[in-house]
Amino acid sequence: MNAYWQCFSGIVLREWLRFVLQRTRFLSALVRPLLWLLVFAAGFRAALGIAIIEPYDTYIPYEVYIIPGLACMILLFNGMQGSLSMVYDREMGSMRVLLTSPLPRIFLLCSKLLATSLISLLQVYAFLAIAWVYGVQPPAMGLLIALPALLLVALMLSALGLLLSNAIRQLENFAGVMNFVIFPLFFLSSALYPLWKMRESSEWLYWLCALNPFTHAVELVRFALYERFNPLALAVCLGLALVFVLLAVLTFNPQHAALRKAT
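Residue 187 in UniProt numbering sits at position 187 of the sequence shown, and the numbers go up by one each step.
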């Protein structure tokens with residue numbers, strides 16, 4: 001057990017040091033959602049007032065509605081960026097070195113995913129603190145209740161990023177593939193608009209959003225922030241997290257870089 005703990009703490013420490021040394025990573029993670037909150041939401045406040053929908057008990061301004069979606073945006077981008085580091089580590093050989101450890105591969109990869117997720121939580125709560133000062137103030141208890149929901153979503157998205165990175169043989173192809181995944185996941189979800197508004201616009205667009213895993217991630221965090229429970233969102237996120245982790249572990253091949261260089 002001591003060996004497992006030492007390995008996990010070492011992986012977390014490595015990710016923490018990488019995060020501390022890359023200060024622009026922290027700032028860039030906050031710039032995106034803050035632009036949406038301060039600029040986009042302000043511009044659409046009058047046009048996109050939100051009716052009374054769960055988990056809210058009254059009419060809410062648009063800024064309040066998009067906060068959970070923007071928090072999940074941080075997790076989404078960090079999950080994909082974490083998969084970039086996995087591709088880079090695989091290219092440089094450090095993951096192959098780590099996998100020479102006698103510890104199970106699933107433990108090593110899950111430790112990497114959990115370390116990335118914990119770093120993402122710091123950025124999410126920094127964003128929520130800024131939003132609180134701005135005037136968007138979820139219940140204080142909701143911020144605590146949302147912690148396990150945010151961690152589950154971060155793990156699910158990090159595992160999805162790792163699964164996708166397993167199919168990327170060259171580091172140069174990463175940006176194009178990730179953009180093709182990130183933007184449809186984000187925009188075809190309830191992060192920016194309620195599903196009923198999507199349905200008013202287009203039935204097929206509504207179903208795309210309803211079936212989007214990121215929609216369930218956003219709704220899980222939204223309900224948790226306002227001290228409510230969404231069993232469907234929890235079941236979807238938990239189930240997909242397990243599936244993504246299992247597939248990511250089974251398809252991970254540290255020899256991809258070596259094979260490419262050999263050819």
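From the three backbone atoms N, C-alpha and C, an ideal C-beta is built for every residue, glycine too.
Output needed for residue i: all residues of its chain with C-beta closer than 6 Å, excluding positions within five of it in sequence on either side, in chain order.
{"i": "L247", "result": "L163"}
{"i": "G142", "result": "L225, Y226, E227"}
{"i": "H216", "result": "A233, V236, C237"}
{"i": "residue 305", "result": "Outside the shown range of the chain (1 to 263) lies residue 305, about which nothing can therefore be said."}
{"i": "A42", "result": "none"}
{"i": "A131", "result": "I67"}
How about residue i and residue j: do their beta carbons lie closer than 8 Å?
{"i": "L188", "j": "N212", "result": "yes"}
{"i": "P68", "j": "F127", "result": "no"}
{"i": "V133", "j": "E63", "result": "no"}
{"i": "L70", "j": "Y4", "result": "no"}
{"i": "L160", "j": "F229", "result": "no"}
{"i": "L37", "j": "I11", "result": "no"}
{"i": "C72", "j": "V181", "result": "no"}
{"i": "F107", "j": "N166", "result": "no"}
{"i": "W16", "j": "I145", "result": "no"}
{"i": "S101", "j": "C7", "result": "yes"}
In its own chain, which residues sit with a C-beta less than 7 Å from the C-beta of residue i, not counting the 5 before and 5 after it?
{"i": "S117", "result": "L151, A154, L155, S158"}
{"i": "R222", "result": "P55, P68"}
{"i": "Y206", "result": "L195, M198, R199"}
{"i": "residue 323", "result": "Nothing can be reported for residue 323: it is not among the residues displayed for the chain, which extend from 1 to 263."}
So for residue i, helix, strand or coil by DSSP?
{"i": "I168", "result": "coil"}
{"i": "I60", "result": "strand"}
{"i": "R260", "result": "For R260, the predicted structure reports a pLDDT of 49, less than 50, and the residue's modelled location is therefore unreliable. The matter cannot be settled from this model."}
{"i": "A191", "result": "coil"}
{"i": "F229", "result": "coil"}
{"i": "I53", "result": "coil"}
{"i": "F252", "result": "coil"}
{"i": "P68", "result": "helix"}
{"i": "P33", "result": "helix"}
{"i": "P184", "result": "helix"}
{"i": "P148", "result": "helix"}
{"i": "Q137", "result": "coil"}
{"i": "S101", "result": "coil"}
From which residue to which residue does the alpha helix (DSSP H) around residue i run?
{"i": "residue 275", "result": "The structure shown does not extend to residue 275, since the chain is modelled only from 1 to 263, so the question has no answer here."}
{"i": "W204", "result": "203–211"}
{"i": "I19", "result": "The sequence given here places Phe at residue 19; Ile does not occur at that position. Taken as a continuous stretch (DSSP letters only), the alpha helix (DSSP H) holding F19 covers 2–21."}
Here's a check: name, in chain order, each residue in its chain whose Cβ is nearer than 8 Å to the Cβ of residue i, leaving out the five neighbours to either side.
{"i": "T263", "result": "In this prediction, T263 has a pLDDT of 46, which is less than 50 and means its spatial position is unreliable; nothing more can be read from the coordinates."}
{"i": "Q123", "result": "F26, A29, L30, I74, N78"}
{"i": "R14", "result": "A115"}
{"i": "L121", "result": "L147, L150, L151, A154"}
{"i": "A129", "result": "none"}
ask   = If we count Cβ pairs, one from each stretch, closer than 8 Å, do we get three or more for the region 144–164 versus the region 232–239?
value = Segments in contact, yes.
query = Is it true that the region 62–78 meets the region 23–33, where meeting means three or more beta-carbon pairs spaced less than 8 Å apart?
reply = yes
message = Taking contact to mean 3 or more Cβ pairs, one atom from each stretch, closer than 8 Å, check whether the region 110–129 and the region 190–206 are in contact.
response = No, the region 110–129 does not touch the region 190–206.
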